[in-house]
């Protein structure tokens, strides 16, 4: 691998890890928010 | 005063609008860093193009220091105020800091292969950084084992504060020991940076960009932590209510 190859791999790895982590966090946040909304909905149905 | 400041910090981290603004700002700053690193900054006369890794490697190292500083400060606040939100912030910052430390080690190895002829050397800077990685990986492992009990959170907070001791050792390692790792060229006690202006400018843009990326990830991870805690508390309450209702039904049935 030449110098540019190492450079490309370093930048690609950094961005892949950062974006991958961001996507995982986004997914977890929307799943938990959905669960909270569902619990809210069930609570309001029970109280009626 | 402290309470009001702390409320503002936590509210800002949870604000979806601020999170979106941070994502846009981080994306723009990263584009500027890419332009600077690949087009604006000249190639290094000795190392060639591979030296451009420096424009993400150094900013990520700075962000890792910042993240572990936040872990230590939040852990101290948790030990003092006993508010679980500080514990959530410490854990969030440790996780994001560990991601950046992993990237610092990986990008350093990728730079080291063509320049040193090896992916890894047991050099003082590399070894103390690896110790930093192990400390915070251990911190997160402790967190996953102790669950949500307060005693476990207190123990983790102490580890979070003590772990930070390694950060100044990592930073000063190249000065205290003879190492393969390059000497500091930007933050040097009593001396100005020894970089050409174009390289210094791109490096500073990189620092701003990585800090914005860090803030975005920290806010997102903190929002996940707080939402997760709310869900757990709510389910615990629902379970307690169901248990109470069952007990009453049984008591009524038994007369």
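Protein chains in written order, with our numbering: chain A, 3 to 50; chain B, 47 to 301. For glycine and all other residues, C-beta sits at the position ideal for the given N, C-alpha and C. A quick note: this is a predicted structure, and the numbers were derived from the prediction, not measured.
Local Cβ density within 10 Å of residue i, reported as buried at 16 or more and exposed below that
i             : result
residue 9/A   : buried
residue 294/B : exposed
residue 229/B : exposed
residue 105/B : buried
residue 66/B  : exposed
residue 132/B : buried
residue 285/B : exposed
residue 120/B : buried
residue 172/B : buried
residue 13/A  : buried
residue 144/B : buried
residue 139/B : buried
residue 165/B : exposed
residue 89/B  : exposed
residue 252/B : buried
residue 262/B : buried
residue 287/B : exposed
residue 137/B : buried
residue 124/B : buried
residue 146/B : buried
residue 180/B : exposed
residue 141/B : buried
residue 135/B : buried
residue 219/B : buried
DSSP state of residue i mapped onto helix, strand, coil
i             : result
residue 274/B : helix
residue 90/B  : strand
residue 195/B : coil
Presumed contact (8 Å Cβ cut-off) between residue i and residue j, rounded CB distance
i             : j             : result
residue 114/B : residue 182/B : 7 Å
residue 103/B : residue 157/B : 7 Å
residue 153/B : residue 99/B  : 5 Å
residue 58/B  : residue 64/B  : 6 Å
residue 232/B : residue 83/B  : The pair is not a contact, with the Cβ atoms about 15 Å apart (cut-off 8 Å).
residue 270/B : residue 206/B : Rounded, the Cβ-Cβ distance is 18 Å, inconsistent with contact.
residue 170/B : residue 189/B : That belief does not hold up - the Cβ atoms of residue 170/B and residue 189/B are roughly 29 Å apart, past 8 Å.
residue 265/B : residue 68/B  : 6 Å
residue 23/B  : residue 150/B : Nothing about residue 23/B can be reported from this structure: the residues present for chain B run from 47 to 301 only.
residue 38/A  : residue 276/B : 6 Å
residue 258/B : residue 75/B  : 5 Å
residue 267/B : residue 27/A  : 6 Å
residue 5/A   : residue 214/B : The pair is not a contact, with the Cβ atoms about 33 Å apart (cut-off 8 Å).
Bounding residues of the alpha helix (DSSP H) (the contiguous stretch that carries residue i)
i             : result
residue 105/B : 100-127
residue 77/B  : 62-81
residue 143/B : 130-162
residue 214/B : 212-222
Going along the chain, which residues of the region 271-291 of chain B sit with their C-beta nearer than 9 Å to a C-beta in chain A? 273, 274, 276, 277, 280, 281 and 284
Relative to chain A, which residues along the region 184-213 of chain B have a C-beta separation below 7 Å, given in chain order? none
If you measure beta-carbon to beta-carbon, which residues of the region 145-173 of chain B are closer than 8 Å to chain A? 145, 148, 149, 152, 153, 156, 157, 159 and 160
Quick one, which residues of the region 84-100 of chain B are near chain A if we go by CB-CB under 7 Å, in chain order? 94, 95, 96, 98 and 99
Taking a cut of 9 Å between CB atoms, which residues from the region 15-43 of chain A lie near chain B? 15, 16, 17, 19, 20, 23, 24, 27, 28, 30, 31, 34, 35, 37, 38, 41 and 42
Residues of the region 249-271 of chain B with Cβ closer than 8 Å to any Cβ of chain A, in chain order: 259, 262, 263, 266, 267, 269 and 270
For the region 98-127 of chain B, which residues have a CB atom closer than 8 Å to at least one CB atom of chain A, in sequence order? 98, 99, 102, 103 and 106
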